[in-house]
Amino acid sequence: MIRILITGICGKMGENLMNCVGADGDAEVVCGVDPAGGSPHGVAVYPDFTKVPRQPDVIVDFSSPAALGGELAYAAERGVPLVIAATGYTQEQLEEIKAASLRTAIFRSANFSIGVNLLAKLIKEAALALGEGFDVEICERHHRYKADAPSGTALLLAESANAAYGNSRPLKIGRNGIEGKRGNEIGIHSLRGGTIVGEHEVMFAGEDEIITLSHSARSKAVFASGALKAAKWLCGKPAGMYGMDDLLNS
Ligand SMILES: NC(=O)c1ccc[n+]([C@@H]2O[C@H](COP(=O)([O-])OP(=O)(O)OC[C@H]3O[C@@H](n4cnc5c(N)ncnc54)[C@H](O)[C@@H]3O)[C@@H](O)[C@H]2O)c1
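Position one of the sequence shown corresponds to residue 9 (my numbering), numbered consecutively onward.
What follows is the structure, given as structure tokens:
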């Protein structure tokens, strides 16, 4: 039985992951770290990592970048594998994650759905096939509570397209005012409202034709089940950085 600690256990994804683990015979949630406190799912919740009394087998983080410092120190010191599902990290924090992965196994993905990861591959293929003559614009839609913009998934998809262009296209987050003719940037646009789980649309616009590839998540359960698969897969892996490609190709 794999013993899981959930960072951000009191949030919406924390609840989804609790439900997913509850329906799984091989894993259990032993505690959570969340300053919101209480014990919403009948397991102990600690305000930060210094208070966690017993080491879990793996940590799954669906919280916020604010949790990262204490979490990385805890995981790296003890060699506890860590699945990072939260989004919105700064470049500096991404470097900290990389440095900690020299000491423990870290799995990070901005999106744990198989569909989005397939979409990322299709986007790269489309960009390679269509070539420089097509402009790329990404539009993402999420619920009114989402803290970060653009979504981590939009950035992940932009990275996939850009890989096909040898990383030559700068990202342009939104447009405003008289900006003139567009360059070769990848535009990213964020819409927020209601209870939208997560929608991503990637448009390749060329001379007289447009190709659009998209993904729509209908429930948050898809992310929880992907993160649980990653957590089980990560246990026992040597220190290093892992991602969805490693999981899907294994
Ligand atoms: N990778 C994916 O597939 C995927 C899918 C959905 C959501 N997410 C990401 O997961 C995160 C959580 O999403 P949500 O919808 O559950 O948000 P939420 O706001 O409902 O929950 C976040 C929880 O984190 C807690 N938190 C805040 N600061 C903390 C800290 N310092 N330490 C520990 N806990 C802390 C909050 O109290 C809250 O309970 C977001 O970053 C979101 O973008 C990722």
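Cβ atoms here follow ideal geometry from the backbone N, Cα and C, with glycine treated the same way.
Contact test: residue i Cβ vs ligand 1 heavy atom, cutoff 7 Å
{"i": "K132", "result": "no"}
{"i": "G16", "result": "yes"}
{"i": "L240", "result": "Sequence inspection shows Lys at residue 240; the Leu mentioned does not correspond to that position. No."}
{"i": "D254", "result": "no"}
{"i": "K228", "result": "yes"}
{"i": "K59", "result": "no"}
{"i": "D156", "result": "yes"}
{"i": "V65", "result": "The sequence as given places Asp at residue 65; Val does not occur at that position. D65: no, Cβ never under 7 Å from ligand 1."}
{"i": "N27", "result": "no"}
{"i": "F115", "result": "no"}
{"i": "N119", "result": "yes"}
{"i": "Y82", "result": "no"}
{"i": "S72", "result": "yes"}
{"i": "F142", "result": "no"}
{"i": "T95", "result": "yes"}
{"i": "D42", "result": "yes"}
{"i": "K237", "result": "no"}
{"i": "F212", "result": "no"}
Where the beta strand (DSSP E) through residue i begins and ends
{"i": "D143", "result": "D143 to H150"}
{"i": "V259", "result": "The requested residue 259 is not part of the displayed model; the chain covers only 9 to 258."}
{"i": "D32", "result": "That residue, D32, is in no beta strand (DSSP E); it is neither H nor E in DSSP."}
{"i": "D69", "result": "V66 to D69"}
{"i": "S233", "result": "From DSSP, S233 is part of no beta strand (DSSP E) but of the alpha helix (DSSP H) over A229 to L242."}
{"i": "T58", "result": "T58 -> no beta strand (DSSP E), and no H or E assigned at all."}
{"i": "G248", "result": "G248 to Y250"}
{"i": "E215", "result": "Taken as a continuous stretch (DSSP letters only), E215 belongs to no beta strand (DSSP E), as it is neither H nor E."}
Residue i, enclosing alpha helix (DSSP H) - first and last residue
{"i": "L10", "result": "Note that residue 10 corresponds to Ile in the displayed sequence, not to Leu. No alpha helix (DSSP H) holds I10; the beta strand (DSSP E) holding it covers I10 to T15."}
{"i": "V205", "result": "Premise fails: V205 is in no alpha helix (DSSP H) and is neither H nor E."}
Assigned exposure category for residue i - 16 Cβ within 10 Å defines buried
{"i": "Y153", "result": "exposed"}
{"i": "P61", "result": "exposed"}
{"i": "P178", "result": "exposed"}
{"i": "A238", "result": "buried"}
{"i": "E79", "result": "buried"}
{"i": "A113", "result": "buried"}
{"i": "G40", "result": "buried"}
{"i": "R149", "result": "buried"}
{"i": "N184", "result": "exposed"}
{"i": "K189", "result": "exposed"}
{"i": "M26", "result": "buried"}
{"i": "D69", "result": "buried"}
{"i": "D253", "result": "exposed"}
{"i": "S222", "result": "exposed"}
Contiguous alpha helix (DSSP H) assignments of at least 4 residues, all confined to the region 157 to 198
With a minimum length of 4 residues, the continuous alpha helix (DSSP H) runs that stay inside the region 157 to 198 are 160 to 172.
Would you mind listing the alpha helix (DSSP H) stretches within the region 74 to 126 that are 4+ residues and don't spill past its ends, in chain order?
Entirely contained in the region 74 to 126, the alpha helix (DSSP H) runs reaching 4 residues are, in chain order, 76 to 86 and 99 to 108.
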